[in-house]
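A short write-up of the structure that comes next.
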Amino acid sequence: MEYDKNKVDEMTLALMWLVVWHDSCGPRAWKGFDWDAMDRLHEKGFIHDPKSKAKSVSMTPEGLEKAKALFAEHFGAAE
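Take any residue in the sequence shown, note its place counting from 1, add 7, and you have its number in the working numbering.
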């Protein structure tokens, strides 16, 4: 099936906001998402290289900001 990869990337980044935490290296999120989407997010500068043995990935400041905005847009409760 054909699909819009940009929409998948947006949803992936939004869902990363749901599982983000901060440690001494900055914001991190679990990387249990589609590998192609993770690679595209890395290419777009939203996350650091996901190819490592770690089960989580570091997010860039831009990625964290974008993830928060996308999560609010798609999953925020109506007031």
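For every residue, glycine included, the Cβ atom is placed at its ideal position computed from N, Cα and C.
Given the structure is predicted, the values throughout are model-derived calculations rather than measurements.
Asked                                                                                                           : Found
Mind checking who alanine 36 pairs with in its DSSP beta bridge?                                                : Val64
Indicate whether glycine 39 and isoleucine 54 have their beta-carbon atoms separated by less than 7 Å.          : no
Reducing DSSP to helix, strand and coil, say where histidine 55 ends up.                                        : coil
Mind checking phenylalanine 41: buried by the 16 CB within 10 Å criterion, or exposed?                          : Residue identity check: residue 41 is aspartate in the sequence provided, not phenylalanine. Result: exposed.
Relative to the C-alpha of aspartate 11, which candidate in Trp28, Ala76, His29, Asp43 has its C-alpha closest? : Asp43
Using the C-alpha atoms, what's the distance from tryptophan 24 back to aspartate 30?                           : 15 Å
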